[in-house]
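Q: Its first residue numbered 11, the sequence shown is counted upward by one per residue in my numbering.
Provided herewith is a single structure, encoded as structure tokens, for subsequent inquiry.
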Amino acid sequence: MKFYGCVLLVALALAGAQNPALGQDSTREQASGSGPGAGQASDSAIAAAPDAQATLSYIHASWDLLTRSMSDCASLKDVKVTEAPVLYLPYGMSPPKDVLAAETECHVRVLNLPQPIEKLGDIQPQTLEAQGLLYLPNQYIVPGGRFNEMYGWDSYFILLGLEADHREALAKGIVDNFLFEIEHYGSVLNANRTYYLTRSQPPFLTSMIRAVIEDPASFPATEAGRVEEQAWLERAYMMAEKDYSTWMRPEHRAGATRLARYWDYGTGPVPEMADDSTYYIDVIRWLTAHFKTGGDGFLVKGSEHPDAAEAARLKQSSCDVQASVVCMRAWFDGYRLSRSFYEGDRAMRESGFDTSDRFGPFSGATEDYAPVGLNCLLFRYERDMEHFAHLLGKPQDAMLWDRRAQARNAAIQRYMWRAKDGEFADYDFVHMQPSNYAFITSLYPLWAGVATREEAKQMEAQLGLFERVGGLSTSDYLSGLQWDEPYGWAPTNWIAVAGLQALGYREDALRLAKKFDDTVDRGFAADGTIFEKYNVMTGSAQVTVTNGYKQNVIGFGWTNAVYLKMRELMPEDAASLEAPLGP
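Given below as structure tokens:
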């Protein structure tokens, strides 16, 4: 009975994933403090009796509810925009049979993109007649709630969970979808919606490729299977090389440092805020209330309803009020957001950390920084490509990738290692100084293989910056934003734990894995669902974000996956016992 009861809970919790309109209502209810995932969750989560088997049953059942395809009408709905569903095929592609069927059954318009795409930004979303879903050939997993599409960095962690749950075919199909994106849409996208055609997400592609080829179940254990695997890797290598070129474009370079930064090839506020979101208005409200503590740098004066002359001025200093309803609404008390804020805001969204105060208020200066996490991911990308080149018998390519990795490692060490503090830091290449903002991506060098043994030893001694009773906090700064204290997220907890484990800090890795999974168990016992983030100061699902995105979305793809991966690290007896709440 426990399993079937849990499946019922899954169905209820993921209703927002199956029905995006319902999902929007439910997550807003949680954000307002009246829903089951709201402020009261902490006390009940700690008081309830956690049951890891109930959590596992939910996770095993949830994959099917989070699965999408082009023939699934639920895939086409999008609460983030106000337009009717549209499905876009690549330029010149004829509609497959399942798409023709969906056109009738789902009442969706099917269109072709107006031109071929070679790189991000070749098509600006606002030039399309409507925003819509971008076609992918295989099934995929969505995170949950309002996130009803295949996301770039979410999918790496989701893939790890699928393989842990022996769903290798679905995992490989997701990677094939990314190869399709690169071929037809120019790069791995933030997600497969047209309004994401101008940005990517943290580059985990080669880690996904490795996960597929290193899982024995991905291909048949026959001679034909080995031939198939070699051909698959050859194509994956070619597409990964094209995707890598995205991060080598001039706009993605962090000055003369030989490091990379995040960058979006669009302008102004992002179109996915068209669902009557007050996000930008709330940002202006906060900035005007903190004018002398950083708010003034991102504001320009402007009227609520500008005339033609002012609109022309705002197009240069802020955004185009005549072309974007989101821009027009982004006004409060005589102020609008500056053009530079929107550049940083878009870059912040490519980073996946939307949002924190890590790169200025609301990370509005993200484009001015070479982030530790991004450059560690690219170092690992280069090392993975070197490995693939060896597997494919391409020694000259392998040497090239080795030189690239060595050059990036030297730049990371030069600009980002702070020996006196025993930590890596993001680098402000505009002002030529490291950041002093403690952020969990400072632990990425452990996972990526950047940190030396001595550096790792110093970093391990600094775990207290982030370790809390319920896992690792994203930062040590209480900004009120969701990617800061006191919130802990599955992907960053996993990267840190996997890095510690790889370098021999098994006791730390096991302790942190146990803390995170126990937090998920307590949250599930209290609310019957799994969330995108947790309050690691209380070890519960109590989330009261005061600024920026206030929802705590349910589902949830990467949390499900990381929960499974954490359990793999634990001895069976440790996994079955809840750790006490404590430091």
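Quick reminder that beta carbons are idealized off the backbone N, C-alpha and C, glycines included.
What separation, rounded to the nearest whole angstrom, lies between the Cα atoms of residue 220 and residue 307?
A: Position 210 of the sequence shown, counted from the start, is the residue given in the question as residue 220. Position 297 of the sequence shown, counted from the start, is the residue given in the question as residue 307. Answer to the nearest angstrom: the Cα atoms are 43 Å apart.
Q: Taking DSSP as the reference, what is the three-state secondary structure of residue 499?
A: As a position in the sequence shown, residue 499 is number 489, starting the count at 1. Correct three-state label for residue 499: strand.
Q: Taking buried to mean at least 16 other C-beta atoms within 10 Å of its own C-beta, is residue 542 buried or exposed?
A: Locating residue 542 in the sequence shown gives position 532, where the first residue counts as 1. Label assigned to residue 542: buried.
Q: In this structure, how does DSSP classify residue 566 when only helix, strand and coil are distinguished?
A: Residue mapping note: residue 566 aligns to position 556 of the sequence shown, counting from 1. If DSSP states are grouped into helix, strand and coil, residue 566 belongs with coil.
Q: Tell me, to the nearest whole angstrom, how far the beta carbon of residue 77 is from that of residue 151; I am working on the premise that it is less than 8 Å.
A: Along the sequence shown, one-based indexing puts residue 77 at 67. Along the sequence shown, one-based indexing puts residue 151 at 141. Residue 77 to residue 151, Cβ: 6 Å. Contact.
Q: For my contact list, residue 387 and residue 213 are in at a C-beta cut-off of 8 Å; report their separation, rounded to the angstrom.
A: As a first step, residue 387 is located in the sequence shown; it is residue number 377 there, counting from the start. As a first step, residue 213 is located in the sequence shown; it is residue number 203 there, counting from the start. Indeed they touch by this definition, with Cβ atoms about 5 Å apart.
Q: Kindly give me the distance between the Cβ atoms of residue 469 and residue 456, rounded to whole angstroms, as I take these residues to be in contact under 8 Å.
A: For the purposes of this step, residue 469 is taken as residue 459 along the sequence shown, with counting starting at 1. For the purposes of this step, residue 456 is taken as residue 446 along the sequence shown, with counting starting at 1. Going by Cβ atoms, the distance from residue 469 to residue 456 rounds to 6 Å, so yes, they are a contact pair.
Q: Closest to residue 337 by CA distance: which of 304, 284, 319 is it?
A: Here residue 337 refers to the residue found at position 327 of the sequence shown. Measuring from the Cα of residue 337, the nearest candidate turns out to be 284.
Q: With distances taken between CB atoms, is the gap from residue 389 to residue 264 smaller than 7 Å?
A: By one-based count along the sequence shown, residue 389 stands at place 379. By one-based count along the sequence shown, residue 264 stands at place 254. No. Outside cutoff.
Q: Identify the continuous beta strand (DSSP E) that holds residue 385 and give its terminal residues.
A: Looking up residue 385 in the sequence shown gives position 375. Run containing residue 385: none in the beta strand (DSSP E); it sits in the alpha helix (DSSP H), 382-401.
Q: May I have the straight-line CA-CA distance separating residue 61 from residue 477, to the nearest angstrom?
A: Position 51 of the sequence shown holds residue 61. Position 467 of the sequence shown holds residue 477. Cα to Cα, residue 61 sits roughly 24 Å from residue 477.
Q: Take residue 503 as the anchor and find which of 530, 111, 539, 489 has the nearest alpha-carbon.
A: By one-based count along the sequence shown, residue 503 stands at place 493. The shortest Cα separation from residue 503 among 530, 111, 539, 489 belongs to 530.
Q: Would you give the residue range spanned by the alpha helix (DSSP H) that residue 187 belongs to?
A: Walking along the sequence shown from the start, residue 187 turns up at place 177. Here the alpha helix (DSSP H) through residue 187 covers 178-195.
Q: Flag this pair as yes or no: are the beta carbons of residue 163 and residue 211 separated by less than 7 Å?
A: By one-based count along the sequence shown, residue 163 stands at place 153. By one-based count along the sequence shown, residue 211 stands at place 201. Taking 7 Å as the Cβ cut-off, residue 163 and residue 211 qualify as a contacting pair.
Q: Near residue 328, what residues of its chain come up, given a Cβ to Cβ distance below 7 Å and the 5 sequence neighbours on each side ignored?
A: In the sequence shown, residue 328 corresponds to position 318, counting from 1. Correct list, in chain order: 310, 312, 346, 347, 348, 349.
Q: Within 8 Å, do at least three Cβ pairs link the region 175-186 to the region 135-150?
A: Yes: at least three Cβ pairs fall under 8 Å.
Q: Tell me the DSSP bridge mates of residue 444?
A: Counting from 1 along the sequence shown, the entry for residue 444 is found at position 434. Residue 444 is bridged to 437.
Q: What are the residues that DSSP puts in a beta bridge with residue 550?
A: In the sequence shown, residue 550 corresponds to position 540, counting from 1. Note: residue 550 sits in a beta bridge opposite 545.
Q: According to the neighbour-count rule (16 or more other Cβ atoms, all chains shown, within 10 Å of its Cβ), is residue 226 buried or exposed?
A: Within the sequence shown, residue 226 is the residue found at index 216, counting from 1. Exposed, since its Cβ has fewer than 16 Cβ neighbours within 10 Å.
Q: Would you be able to state if there are at least three C-beta pairs under 8 Å between the region 367-375 and the region 315-326?
A: Too few Cβ pairs lie closer than 8 Å, so no.
Q: Let me know the alpha helix (DSSP H) ranges lying completely inside the region 322-371, each 4 residues or longer, listed in chain order.
A: The region 322-371 contains these whole alpha helix (DSSP H) runs: 335-339, 349-361.
Q: Take residue 229 and list the residues in its own chain whose beta-carbon comes closer than 6 Å to its own, dropping the five residues that flank it on each side.
A: Stepping through the sequence shown from its first residue, residue 229 is reached at position 219. 235, 238, 239.
Q: Give the DSSP-derived three-state secondary structure of residue 427 in the structure shown.
A: Mapped onto the sequence shown, residue 427 falls at position 417. In the structure shown, residue 427 sits in a strand (DSSP, three-state: E or B).
Q: Please tell me whether residue 357 and residue 290 are closer than 7 Å, where the distance is taken between their beta carbons.
A: As a working mapping, residue 357 is identified with position 347 in the sequence shown. As a working mapping, residue 290 is identified with position 280 in the sequence shown. Going by C-beta atoms, residue 357 is not nearer than 7 Å to residue 290.
Q: Determine the extent of the beta strand (DSSP E) in which residue 3 is found, giving its start and end residues.
A: Not covered by the structure: residue 3. The range shown for the chain is 11 to 593.
Q: Using the C-alpha atoms, what's the distance from residue 410 back to residue 562?
A: Here the question's residue 562 lines up with position 552 in the sequence shown. Here the question's residue 410 lines up with position 400 in the sequence shown. When rounded, the distance between both Cα atoms is 44 Å.
Q: According to DSSP, which residues form a beta bridge with residue 150?
A: In the sequence shown, residue 150 corresponds to position 140, counting from 1. According to DSSP, residue 150 bridges with 78.
Q: Can you tell me which of the three DSSP states residue 231 falls into?
A: Position 221 of the sequence shown, counted from the first residue, corresponds to residue 231. Correct three-state label for residue 231: coil.
Q: Mind reading off the beta-carbon distance from residue 136 to residue 281? Whole number of angstroms is fine, and I expect it under 8 Å.
A: Counted from its first residue, the sequence shown places residue 136 at position 126. Counted from its first residue, the sequence shown places residue 281 at position 271. Residue 136 to residue 281, Cβ: 7 Å. Contact.
Q: Which same chain residues, not among the five before or five after residue 59, have their C-beta less than 8 Å away from its C-beta?
A: Locating residue 59 in the sequence shown gives position 49, counting from the first residue. Cβ within range, chain order: 535.
Q: Restricting to Cα atoms, I'd like to know which of 538, 545, 453, 537 is closest to residue 519.
A: For the purposes of this step, residue 519 is taken as the residue at position 509 of the sequence shown. Comparing Cα positions, the closest option is 453.
Q: Out of 297, 186, 204, which has the shortest C-alpha to C-alpha gap to residue 250?
A: Counting from one through the sequence shown, the residue named residue 250 turns up at place 240. Minimum Cα distance to residue 250 is reached at 186.
Q: Per the DSSP calculation, residue 477 is bridged to which residue(s)?
A: For the purposes of this step, residue 477 is identified with residue 467 of the sequence shown, where counting begins at 1. DSSP output for residue 477 lists 482 as bridge partner(s).
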